Amino acid sequence: AGNETTRHTISHTMRNLIQNPDQLAILQEDPDLIPWAVEEFLRYASPVYHFRRTTTKDTEVGGVKIKAGQKVVPFFASGNRDEAVFDRGDVMDVRRFPNEHMTFGRGGAHMCLGNALARIELRVMFEDLISRVDKVEITGEVDFLRSNFVHGIKRMPVKVSLR
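Per our numbering, the sequence shown runs over residues 1 to 163.
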């Protein structure tokens with residue numbers, strides 16, 4: 001398991017919590033929600049845009065027939081905000097349950113091997129951080145990673161006020 005996607009999930013989650021202070025307040029009031037909120041962080045941040053896959057058998061997705069051996073490209077960020085699956089998919093909701101996101105894949109041979117480690121790292125990071133932080137604000141321009149594969153933040157200057 002690598003650390004790049006977890007690192008970017010942390011950065012995007014901080015940005016999202018700053019932009020949605022009501023969500024940060026919910027977690028500060030009820031830190032027991034953090035393990036569930038981690039799933040929302042993963043869904044909403046979608047650290048990887050897409051993966052290319054090859055179908056192993058004829059199938060049909062959304063009324064489109066796909067033959068065995070064809071290449072497909074699932075876009076995780078799009079799937080993770082699909083309004084047919086997620087009520088208010090473009091809204092961060094740390095109380096969202098269930099949360100059947102596709103950030104790590106949907107099982108099988110291509111399921112992310114580091115998914116359990118990433119979840120633990122995110123949970124521990126935010127349990128510790130949220131217990132100490134009163135307020136966080138972005139103090140300058142956010143510099144995004146220029147990539148069509150990884151959804152990352154290179155630099156995000158912030159000011160942190162502790163409790």
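In this text, a Cβ means the ideal position worked out from N, Cα and C, and glycines have one as well. This structure is a prediction, so every number in the text was calculated from the model and none was measured.
- Setting aside the 5 residues that flank it on each side, Ile66 is surrounded in the same chain by Thr55, Asp58, Thr59, Glu60, Val72, each with a C-beta closer than 8 Å to its C-beta; the list follows chain order.
- In this structure, Ala118 sits near Thr6, with a CB-CB distance shorter than 7 Å.
- Under DSSP, Lys65 takes part in a beta bridge, and its partners are Glu60.
- In this structure, Ser46 sits away from Ala25, with a CB-CB distance that is not shorter than 7 Å.
- Residue state for His50 is assigned as strand, using DSSP reduced to three classes.
- With a beta-carbon spacing of about 12 Å, Ile120 and Ile34 fall beyond the 8 Å limit used to define contacts.
- Counting the other Cβ atoms within 10 Å of the Cβ of Asn80 gives 16 or more, which makes it buried.
- Using a Cβ distance threshold of 7 Å, Val38 and Leu122 count as a contacting pair.
- DSSP, reduced to helix, strand and coil, places Phe126 within a helical segment of the structure shown.
- C-alpha of Asp128 to C-alpha of Arg52: approximately 36 Å in a straight line.
- Only exposed fits Val150, as fewer than 16 other CB atoms lie within 10 angstroms of its CB.
- Here the alpha carbon of Met102 sits roughly 21 Å from the alpha carbon of Ile153.
- Secondary structure note for Ser161: its beta strand (DSSP E) is the uninterrupted segment 158-162.
- Annotation: Arg88 is outside any alpha helix (DSSP H) and is labelled neither H nor E by DSSP.
- If the five residues before and after Phe126 are omitted, its C-beta is found closer than 6 Å to the C-beta atoms of Ile34, all from its own chain and listed in chain order.
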